[in-house]
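If you count the sequence shown from 1, you need to add 1 to reach our numbering.
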Amino acid sequence: MKDKIRFAMLGCGRIAAAHFKALSENGDRCEVTAVCDSDIERAKEASAATGARAYSSYDEMLKDGGFDAVIITTPSGLHPEQGIKAAKAGCHVVTEKPMGLSLESVDELIHTCDRENKHLFVVKQNRLCQSMQLLKHAIDLNRFGRIYFSQVNVFWTRPQDYYDAAKWRGTWEFDGGAFMNQASHYIDLMYWLVGEVDYVEAITGTLARKIETEDTGAAILRFRNGAIGSINVTMLAYNKNFEGSVTILGEKGSVKIGGKSLNNVEHWEFADYNDDDKIIIDSNYNLLNQNISQHGAYYKNVLDVLEGKSKEPVTDGRSGRKAMELILAINKSAREGSKIPLPLEK
Ligand SMILES: NC(=O)c1ccc[n+]([C@@H]2O[C@H](COP(=O)([O-])OP(=O)(O)OC[C@H]3O[C@@H](n4cnc5c(N)ncnc54)[C@H](O)[C@@H]3O)[C@@H](O)[C@H]2O)c1
């Protein structure tokens, strides 16, 4: 039997649970051999659940080795330096989004992985949910004709308690704000679906939470293909998350996907029929019934690449950098009150 791919986990907090579940869904192909958290109790809990060795020191975990890749699920501002260490220690890198908070640091991560001949995966599991795969397929088949307009709305609730629960949340140094942290998947989807952005203008504000970064904002974009885009984000929706949506309007089609996890097809209409339309109708406009978690689907691709069965990561470092650069441009526009062209100058 072929050896399993061995992973080490760095950071055993909230999202680490989704990774452990995803890894166990792919348990015939991979295992977790080491876990590390600066809070040793969290590392011990993860160790008890997985049987992996527990560490509170990342350097010690790297020194002992015994894994092929490091999964980074620590506060966002730490991802680049921790990824660089992993690559230099001879490991592939799987980093949670956002991959970092400055272009300089993520470029160093990308170039270090290139030099060390290691893969760099940025976790963008939402690209793999069925609604987004069908939407991307419709775009690739040119079913929309020219795309005129696209919008993402992220109307969620993050109470003050959420920010107070971990010191890094809501800081510029480690979190990056509502666009960078909570909305980054949706912004990544917009780039992935519609393409390169020419320029952006934005207004953001810290309207209610006691945090450094913004809790609310709106951005308008001009894409290189001429389309116009709008990104609307707040963490202040009353009482509960109520919308996370992607809308694409084109010459020959209109689609809006919403629901809590992009599962609800609110509108799906094209001039010409395609068999994909039947999948939407048969699902009763709700695509939630998948037998694997989104992180689980993401790891299938990671494993395919590490086993040499696929050359194409769902999101590599360069692709992950795009959404980050766009969000940095949004922040810069809001700060300076001006239109910001892309690519950003470093
Ligand atoms: N893909 C997604 O949908 C998704 C969802 C939630 C969070 N995330 C991302 O995952 C990352 C972590 O978020 P979270 O909500 O799990 O945060 P968290 O605060 O719950 O967990 C972070 C963990 O990292 C540990 N840590 C901090 N510094 C460390 C260090 N130097 N060495 C080792 N461990 C360290 C903390 O003790 C904590 O246990 C963030 O980048 C976030 O943006 C992604």
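The C-beta atom is built at its ideal place from N, Cα and C for all residues, glycine as well.
By the Cβ-count criterion, R210 is buried, with 16 or more other Cβ atoms from all chains shown falling within 10 Å of its own Cβ. Each residue's CA atom was taken as its position, placing S334 and A219 some 11 Å apart.
Annotation for E326: the continuous alpha helix (DSSP H) segment containing it runs 318–337.
By the CB criterion at 8 Å, G297 and A23 fall inside the cutoff. Take the alpha-carbon of G227 and the one of Y149: they are about 7 Å apart. Rounded to the nearest whole angstrom, the C-alpha separation of T172 and I212 is 7 Å. P81 and G101 do touch by the CB rule: their CB atoms are close to 4 Å apart, below 8 Å.
DSSP places R43 in the uninterrupted alpha helix (DSSP H) bounded by 41–51. Judged by the Cβ position, C13 qualifies as a neighbour of ligand 1 at the 7 Å threshold, a heavy atom of the ligand being closer than this. For A220, the secondary structure class from DSSP, reduced to helix, strand or coil, is strand. Contiguous beta strand (DSSP E) elements confined to the region 249–275 occur at 254–259, 265–271, taking only those with 3 or more residues. Here DSSP, grouped into helix, strand and coil, assigns I140 to helix. Counting only the Cα atoms, M133 lies some 36 Å from Y59. Under the three-state reduction of DSSP output, S231 falls in the strand class. Note on geometry: alpha-carbon atoms of D283 and V123 lie some 32 Å from one another. The three-state secondary structure of F145, taken from DSSP, is coil. With a beta-carbon spacing of about 7 Å, V95 and I73 fall inside the 8 Å limit used to define contacts. At a threshold of 7 Å, I16 counts as near ligand 1, since its beta carbon sits closer than that to one of the ligand's heavy atoms. The C-alpha of A19 lies about 11 Å from the C-alpha of I293. By the 16-neighbour rule on beta-carbons within 10 angstroms, G78 is buried. Using a 10 angstroms sphere on the CB of N285, the tally of other CB atoms stays under 16, which defines it as exposed. For E97, the CB falls within less than 7 Å of some heavy atom of ligand 1. Its chain contains Y200, E202 as the residues whose beta carbon lies nearer than 6 Å to that of K340, once the 5 sequence neighbours on both sides are disregarded; these appear in chain order. Per the DSSP secondary-structure output, C31 pairs in a beta bridge with I6. By the Cβ neighbour-count rule, Y239 is exposed, with fewer than 16 other Cβ atoms within 10 Å of its own. Rounded to the nearest angstrom, the gap between the Cα atoms of K261 and G245 is 6 Å. Beta-bridge pairing by DSSP links T158 to L237.
Going by C-alpha positions, M325 is about 18 Å away from P314.
A contact is defined here as three or more CB-CB pairs under 8 Å, and the region 48–63 meets this definition with respect to the region 29–39. Taking a 10 Å sphere around the C-beta of H186, we find 16 or more other C-beta atoms and assign the residue as buried.
In this chain, the alpha helix (DSSP H) harbouring D277 covers 277–283. Exclusion of S246 from the 7 Å shell around ligand 1 follows from its C-beta lying no nearer than that to any non-hydrogen atom of the ligand.
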